[in-house]
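Counting in the numbering used here, the final residue of the sequence shown is number 130, and the numbers go up one at a time with none missing.
Even glycine gets a Cβ: it sits at the ideal position worked out from N, Cα and C.
Computed from a predicted structure; not experimentally measured.
These notes concern the structure reproduced below.
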Amino acid sequence: MMNKHALTVMIADDDGAMRSLLAMVLKEHGYRDFVYASDGHQAVELIRTGGAAVGLAFLDIDMPGFTGLEVLALARQHRPGCACVIVSAHSAVDNVMAAIRGGAAGFVVKPYSAQRIAEVLGKIEGGSHP
């Protein structure tokens, strides 16, 4: 079971409004420490540097620089304990399958639904993620 107060959540999305909305929903679930990336390059840097104890990451599948799936692959290498959730404006089966094959802990379609975020968090907090 993850201690939500002892980890940092990374929200990587090129849309500032989406980053803010997701952070607001996560705060309602008790998460307090956040780092933000507005593109794939920033997300990769946060994963690689390890400056923040990123234990949960929400990765937009379609970002400039690196895609969310590319960041997911790096996160699985550099931070195997980090639960990564892929987010996308498109629920195409190919995207969902690529996220699952890549080891994502969940997939959320934008615009964010507080109920769907709660479902994904419940799964992650319960320990049932890759």
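So, V44 versus V71, is the Cβ gap smaller than 7 Å?
-> Along the sequence shown, read from residue 1 onward, the residue named residue 44 stands at position 44. Along the sequence shown, read from residue 1 onward, the residue named residue 71 stands at position 71. For V44 and V71, yes; Cβs fall inside 7 Å.
Short Cβ contact (7 Å threshold) for G102 with L69 | What you label residue 102 is simply residue 102 of the sequence shown in a count that begins at 1. What you label residue 69 is simply residue 69 of the sequence shown in a count that begins at 1. Less than 7 Å divides the Cβ of G102 from the Cβ of L69.
Since D94 is in the alpha helix (DSSP H), which residue starts that stretch and which ends it?
-> Mapped onto the sequence shown, residue 94 falls at position 94. Boundaries of the alpha helix (DSSP H) around D94: V93 to R101.
Check whether the Cβ atoms of A75 and T8 lie closer than 7 Å to each other.
-> By one-based count along the sequence shown, residue 75 stands at place 75. By one-based count along the sequence shown, residue 8 stands at place 8. In this structure, T8 does not lie closer than 7 Å to A75 by Cβ.
By how many angstroms is the C-alpha of R116 removed from the C-alpha of M1?
-> Here residue 1 corresponds to residue number 1 of the sequence shown, with the count starting at 1. Here residue 116 corresponds to residue number 116 of the sequence shown, with the count starting at 1. Bear in mind that the predicted position of M1 carries a pLDDT of just 48, short of 50, making it too unreliable to give a figure here.
Which of helix, strand or coil does DSSP assign to A6?
-> Looking up residue 6 in the sequence shown gives position 6. The three-state secondary structure of A6, taken from DSSP, is coil.
Going by beta carbon distance, what residues of the same chain come within less than 6 Å of P130, once the five residues before and after it are set aside?
-> Walking along the sequence shown from the start, residue 130 turns up at place 130. In this prediction, P130 scores a pLDDT of 49, lower than 50, which makes its location untrustworthy; no coordinate-derived value is stated.
Measure the C-alpha to C-alpha separation of S88 and A99 and round it to an integer number of angstroms.
-> Working through the sequence shown from its first residue, we reach residue 88 at position 88. Working through the sequence shown from its first residue, we reach residue 99 at position 99. Here the alpha carbons of A99 and S88 stand approximately 11 Å from one another.
May I have the straight-line CA-CA distance separating G16 from S113, to the nearest angstrom?
-> Here residue 16 refers to the residue found at position 16 when the sequence shown is read from its first residue. Here residue 113 refers to the residue found at position 113 when the sequence shown is read from its first residue. If you take the alpha carbons of G16 and S113, they lie about 17 Å apart.
So what does F107 bridge to, in DSSP terms?
-> Residue 107 sits at position 107 when you count from the first residue of the sequence shown. DSSP output for F107 lists I86 as bridge partner(s).
Note down the Cα distance separating V109 from Q77, rounded to an integer number of angstroms.
-> Residue 109 sits at position 109 when you count from the first residue of the sequence shown. Residue 77 sits at position 77 when you count from the first residue of the sequence shown. Separation of V109 and Q77 (C-alpha to C-alpha, rounded to the nearest whole angstrom) is 25 Å.
Look at the alpha carbon of L46 and the alpha carbon of P111, and state the distance between them as a whole number of angstroms.
-> Against the sequence shown, residue 46 aligns to sequence position 46. Against the sequence shown, residue 111 aligns to sequence position 111. Roughly 25 Å between the two C-alpha positions.
Host beta strand (DSSP E) of G55 (start-end) = Taking the sequence shown and counting its residues from 1, one reaches residue 55 at position 55. Counting along the chain, the beta strand (DSSP E) containing G55 begins and ends at V54 to D60.
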